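So the structure is just underneath, and the comments pick up after that.
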Amino acid sequence: MSTDAIVLLKNDHKEIKKLFRDFEAAGENAHQRKGQIVDRIIELLTVHTYIENEVMYPRVRELLPDLEDDVLESYEEHHVADVLVMELAGMKPDAERFDAKTTVLIENVRHHIDEEEDEWFPKVREGLGRKTLQEIGAQMEQAKKGAPRKPSQPSALKKTIDAVIS
Ligand SMILES: [Fe+2]
Ligand SMILES: [Fe+2]
């Protein structure tokens, strides 16, 4: 089975974007259903940004220094998503701002995913080659097993600290 890093991350993106569409289709008053969808979005984004922050981004930065600016911008986009995710995790689905906050999260993450997939992942594929991408993919599979699933877990909070102080 392929563990190509970019294939793995794109599969995550696909799953996340499907949940975004489910949220948008759920209807104005489907609070309970939208709450469940957002719980799942929070879980997937927490795992996904963790494996990118801890494995993919540092490896790309180290091996392809030309992509440094793309990586740094992506860390910041993760941080914006993390802040929204943290706020949503503590919010009731029928709260006045719940839908608006989720909509802003969706807009931000869609933009971020497009940048990864269209702007700099292709350069990563070109620059690293198949074998290294397989290796990084395997490391991410491994990191997934111990990844935080909730934004309140210490390993998830580490991202916020890194975003501010490093
Ligand atoms: Fe990302
Ligand atoms: Fe991603």
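Under the working numbering, the residues of the sequence shown are numbered -2 to 163, in order. Every residue gets a Cβ at the ideal spot worked out from N, C-alpha and C, and that includes glycine. If you're wondering where the values come from, they're calculated on a predicted model, not measured in any experiment.
For residue i, which of helix, strand or coil comes out of DSSP?
| i | result |
| --- | --- |
| Glu116 | helix |
| Thr43 | helix |
| Lys128 | helix |
| Leu61 | coil |
| Ser71 | helix |
| Gly32 | helix |
| Ser(-1) | coil |
| Pro90 | coil |
| Asn50 | helix |
| Ala27 | coil |
Quick one: what's got a C-beta closer than 7 angstroms to residue i's C-beta in the same chain, skipping five residues either side?
| i | result |
| --- | --- |
| Thr99 | Phe20, Val35, Leu85 |
Does any heavy atom of ligand 3 sit closer than 8 angstroms to the C-beta of residue i?
| i | result |
| --- | --- |
| His76 | The model depicted lacks ligand 3 and carries ligand 1 and ligand 2 instead. |
Excluding the 5 residues preceding and the 5 following residue i in the sequence, name in chain order all residues of the same chain whose CB lies nearer than 8 angstroms to its CB.
| i | result |
| --- | --- |
| Thr46 | His75, Ala78, Asp79, Lys156 |
| Asn50 | Tyr72, His75, Lys156, Asp159 |
| Leu16 | Ile34, Arg37, Ile38, Leu41 |
Where do the ends of the alpha helix (DSSP H) carrying residue i lie?
| i | result |
| --- | --- |
| Glu12 | 2 to 22 |
| Lys98 | 95 to 111 |
| Lys147 | Segment: none, Lys147 is in no alpha helix (DSSP H) and carries neither H nor E. |
Is the CB-CB distance between residue i and residue j below 9 angstroms?
| i | j | result |
| --- | --- | --- |
| Leu41 | Asp9 | yes |
| Val57 | Val44 | no |
| Leu5 | Gly134 | yes |
| Pro90 | Lys147 | no |
| Ala153 | Val52 | no |
| His28 | Phe118 | no |
| Val106 | Ala2 | no |
Counting only the same chain and skipping the five closest in sequence on each side, list residues whose C-beta sits under 6 angstroms from that of residue i.
| i | result |
| --- | --- |
| His109 | Glu74 |
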